[in-house]
Every structure is written in C-alpha cells, then in structure tokens.
Amino acid sequence: MYRKELTVISQSEGDIIDITEEVRRAVKESRIKEGLAHLFVHHSTAALTTIEYEPGVLSDLKRALSVLAPDNIPYAHNTRWGDGNGRSHVKAALVGPSLTLPVGKGELLCGTWQQVDLLELDVNAGRTRSITCTITGE
Amino acid sequence: MYRKELTVISQSEGDIIDITEEVRRAVKESRIKEGLAHLFVHHSTAALTTIEYEPGVLSDLKRALSVLAPDNIPYAHNTRWGDGNGRSHVKAALVGPSLTLPVGKGELLCGTWQQVDLLELDVNAGRTRSITCTITGE
Amino acid sequence: MYRKELTVISQSEGDIIDITEEVRRAVKESRIKEGLAHLFVHHSTAALTTIEYEPGVLSDLKRALSVLAPDNIPYAHNTRWGDGNGRSHVKAALVGPSLTLPVGKGELLCGTWQQVDLLELDVNAGRTRSITCTITGE
Chain A
1 MYRKELTVIS QSEGDIIDIT EEVRRAVKES RIKEGLAHLF VHHSTAALTT
51 IEYEPGVLSD LKRALSVLAP DNIPYAHNTR WGDGNGRSHV KAALVGPSLT
101 LPVGKGELLC GTWQQVDLLE LDVNAGRTRS ITCTITGE
Chain B
139 MYRKELTVIS QSEGDIIDIT EEVRRAVKES RIKEGLAHLF VHHSTAALTT
189 IEYEPGVLSD LKRALSVLAP DNIPYAHNTR WGDGNGRSHV KAALVGPSLT
239 LPVGKGELLC GTWQQVDLLE LDVNAGRTRS ITCTITGE
Chain C
277 MYRKELTVIS QSEGDIIDIT EEVRRAVKES RIKEGLAHLF VHHSTAALTT
327 IEYEPGVLSD LKRALSVLAP DNIPYAHNTR WGDGNGRSHV KAALVGPSLT
377 LPVGKGELLC GTWQQVDLLE LDVNAGRTRS ITCTITGE
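Protein chains in written order, with the working numbering: chain A, 1 to 138; chain B, 139 to 276; chain C, 277 to 414.
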C-alpha cells in the first residue's frame, strides 16, 4: 500500500480540475504493478468524477448540476447558516467524494477520453482541496 | 481485513441517517492503522453518500432528489408492480450503494463537515437496512 | 487478487445491461472467499450502477437521466466537436464509472433486487464496452 496526499487549489465555483497526471505520478511512485487506486476528497463542497477534459463538455456538466441545485432558489442551509453554499453541498453529495480506478502493468487504467477530475462546487473561491490517494496491490 | 455488518432502522421516506460513529467504531475494532473502509448497502431503495449532517442541507438534498424523481409523476415500475416506490429505485440508482473512505493512523479520514449517511429512499417506512462494512489494510 | 476483463456489446443508447452473472462468475474463478469486487468501465459515455433489473424501473431511470441531460437542448460539446453525444458524457460523469461490492463466503454480496448494470449512454449504437473486474481479499 502506498499513500499520498494530493493538494489542489481552485480559483472559483464550478472549476473542474484535471488531476489525472498527479494520480499517474502517485501510481508510478507506488511501484505497484497490479491493483487499485482510490481517491477521496476531504471536503463537503467538492467532488470527484471522470469526464472527457474538454471545455464544451465541462460547461455542459455544470449546466446539468445546476438543474439539481439552481443558483436562484432558496436553500434551507443558507437560511440557517447564512453561508450561501447550500447548492454546493447538494451537488457534492450527489456526485460523491470517492472514486476507485484499476492499476495494471504499473499504469493507471482508464479510457483515453476519461480524465480524473476534482469538481470545485463551493461558492467561495480560492480553496485548497485535499485528496487522499491510496494505491493498493502487488 | 475486518468485516462488520451494520444495521440501521429507518422511520420514513427521506430519512438521512448519520452512520459515521458506527463506521468509526468498526475502524477501531479492526485495529487497522492504514487502509480503506468500504461500505455497501444491500437494498435497491437506499443509498450511501457523505454530506454535512445539518437539517437545512439535508432538506435541500431531498428537494434535489425530487427533481430527478418527483412524487407526482407516473412511474412504469409502479404501473407494473403496484409498488409505489418507482421514485425510490431511481434515486437509489443515481446516488449509488457503495462508498470507500481512507483510514489513517487508525482513524476514519474524512472532513469535519463530511458525515457518512444512509439515505432511506423507500416510500414504505420502518425498514431495517443492512450495510456491510469492510476494513482493509495494515 | 484476481483480475478479469469483461466485455459487453450494447445495441443502442439507453441500453441497461445486467452484468451480475459475469461478476458472480469472476468471483467464483478468483477463489477469494472474503473480500471486495471492484468494477470500472473504461469509457466516458457509459456508467455502472445497481438497480432492480425490471423493465419498468429501467425506463424510469432513463427518464430521470433525461432530466439532467435532455435530448432537445444545445450542448457545448456538440457545438465544438459535432459529436452529438454531449448528453452522454454528462450522464456518465454524474452516475460514475466505478462500483465496489463485498464478497463473502465466496459469493458476491448484494440484495435480491439489486443487479449490477452497465448503462450505455452513447448516442452511437453497437459499442463494445470494457469493464475491468478486480477481486481482492483472502
């Protein structure tokens, strides 16, 4: 087992940050040839998924998330806490904080058009996001 | 590897039940210091995710799920089986039944505002829900 | 650890293909008694989840996915690439490419009404989809 903490700094709400290279590097460092790479983001207003890292489809994804949690509706979370990030929590809970990918022949195995991404969902910009990367196997 | 079956009893549709303490206890019992904690709920009308366990945001999450599967539309599942829980199956399939979190220094690693929760999505109340918790590592 | 590549051929957009038997077979072949079964689909326009494999509820799930990514709206991905599958990428990123289930007494552990499914989300029919199945444990 090999563990590495990845750190990502986001600029603004809706940022989608490609972390595939950082995960590939962790896989190399682990020297594990056959196994799994697990990722977990330690924040309730960020999430992890895979998507083709292409500006058009990233904006399409943001639009879809705004169907679930629009900007312009009242949130009970905001009313209680005055945070303004009710929509961020909702999106993060639905996309989810964890992702596991296979490792084979010492490489991260994923499709050509399938990048690993952090979704910055908080309304407050400039956040440092921690992701625990755990590589297990042989 | 350490395995424990967790049991949760829900009261009604939409219940979100914080199981973080039960998972922490399983991690302690496992005596595993560095590894992963995997959770899986054995039902097609319940799901697992992380969210800040705060009543406001929990009600915001329920509203978002009702966008995907509203109460007041026809469901082909209900027409075929007369179950009334078509919306429950749809929500459960989209949120998902499994979740994996890291374990470090013998503790469950997750953010301060990130609780592990069972979502009771079935229309029929008072259900006993089984979650298999598997802790792997060293 | 035991690894097997599963291959699924889809016919058309929206196909939901039950792969539970293939996963059960891989668990048997692995001879692992207690552990985990991880699945990962290597494509950005397909996804994995669990749902009751019943035609009514499958069509209900398709309707819910079309709320997130309707057929009849413009997609930035389509405008840039002329692909026509912007909605496919969006749905796949929200459902997710990976799924982990427990293995106990040499069997895949999941609920009676909980089948493991590949969601074919691409608009282009007749695709061969690769899923890496990794069984870990003792």
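Quick reminder that beta carbons are idealized off the backbone N, C-alpha and C, glycines included.
Secondary structure of residue i, DSSP reduced to three states
i: glycine 194 of chain B; result: helix
i: serine 30 of chain A; result: helix
i: glutamate 414 of chain C; result: coil
i: arginine 127 of chain A; result: coil
i: threonine 45 of chain A; result: coil
i: glutamate 289 of chain C; result: coil
Interface flag, residue i vs chain A, CB-CB below 7 Å
i: glycine 244 of chain B; result: no
i: tryptophan 219 of chain B; result: no
i: glycine 249 of chain B; result: yes
i: threonine 285 of chain B; result: The shown model of chain B, from 139 to 276, leaves out residue 285 of chain B, and the question about it has no answer.
Nearest residue (CA-CA) to residue i, options the options
i: alanine 368 of chain C; options: C:Ala322, C:Arg307 and C:Ser286; result: C:Ala322
i: isoleucine 295 of chain C; options: C:Thr326, C:Arg307 and C:Leu312; result: C:Thr326
i: glutamate 22 of chain A; options: A:Trp113, A:Arg87, A:Thr100 and A:Lys4; result: A:Lys4
i: valine 228 of chain B; options: B:Ala263, B:Leu239, B:Ala202 and B:Pro193; result: B:Ala202
i: threonine 410 of chain C; options: C:Asn361, C:His314, C:Pro331 and C:Glu310; result: C:His314
i: aspartate 71 of chain A; options: A:Ser44, A:Gly84 and A:Val8; result: A:Gly84
i: leucine 108 of chain A; options: A:Ser59, A:Gly35, A:Arg80 and A:Leu94; result: A:Gly35
i: valine 8 of chain A; options: A:Asp117, A:Leu68 and A:Tyr75; result: A:Asp117
i: isoleucine 16 of chain A; options: A:Leu58, A:Glu29, A:Trp113 and A:Cys110; result: A:Leu58
i: alanine 401 of chain C; options: C:Asn354, C:Ser364 and C:Glu414; result: C:Ser364
i: glycine 244 of chain B; options: B:Ile269, B:Glu276, B:Pro235 and B:Val233; result: B:Glu276
i: glutamate 13 of chain A; options: A:Glu120, A:Leu61 and A:Ser44; result: A:Glu120
i: glutamate 192 of chain B; options: B:Thr266, B:Ile269, B:Thr270 and B:Trp251; result: B:Trp251
i: proline 350 of chain C; options: A:Gly56, A:Gln115 and A:Arg129; result: A:Gly56
i: arginine 403 of chain C; options: C:Glu305, C:His319, C:Cys386 and C:Ser306; result: C:His319
i: threonine 100 of chain A; options: A:Leu94, A:Arg80, A:Asp122 and A:Phe40; result: A:Phe40
i: glycine 249 of chain B; options: A:Val123, A:Met1, A:Gly86 and A:Ser130; result: A:Ser130
i: lysine 304 of chain C; options: C:Glu328, C:Leu324, C:Tyr278 and C:Gln287; result: C:Tyr278
i: valine 123 of chain A; options: A:Ala26, A:Gly104 and A:Asn78; result: A:Asn78
i: aspartate 60 of chain A; options: C:Ile308, C:Leu337, C:Ala345 and C:Gly380; result: C:Ala345
i: glycine 104 of chain A; options: A:Gly82, A:Leu6, A:Glu52 and A:Arg24; result: A:Arg24
i: glutamate 190 of chain B; options: A:Trp81, A:Arg31 and A:Leu48; result: A:Trp81
i: leucine 282 of chain C; options: C:Ile308, C:Leu324 and C:Arg307; result: C:Leu324
i: glutamine 391 of chain C; options: B:Gln253, B:Thr270 and B:Gly234; result: B:Gly234
Cβ of residue i within 7 Å of any chain B Cβ
i: serine 44 of chain A; result: yes
i: leucine 282 of chain C; result: no
Within-7 Å CB hit, residue i to chain C
i: glutamine 114 of chain A; result: yes
i: leucine 118 of chain A; result: no
i: leucine 39 of chain A; result: no
is_contact[residue i, chain D] using C-beta, thresh 7 Å
i: valine 41 of chain A; result: No chain D appears in this structure, whose protein chains are A, B and C.
Which residues, taken in chain order from the stretch 48 to 78 of chain A, show a beta carbon closer than 8 Å to some beta carbon of chain B?
Val67, Leu68, Ala69, Tyr75, Ala76, His77 and Asn78
Can you list the beta strand (DSSP E) stretches of 3 or more residues lying completely in the stretch 335 to 389 of chain C, in chain order?
374 to 380
If you measure beta-carbon to beta-carbon, which residues of the stretch 360 to 374 of chain C are closer than 7 Å to chain A?
Gly362, His365, Val366, Ala369, Leu370, Gly372, Pro373 and Ser374
Give the residues from the stretch 396 to 410 of chain C that approach chain A closer than 7 Å (Cβ to any Cβ), ordered along the chain.
Thr408 and Thr410
Could you name the residues of the stretch 147 to 173 of chain B whose beta carbon sits closer than 9 Å to any beta carbon of chain A, in the order they occur along the chain?
Glu172 and Gly173
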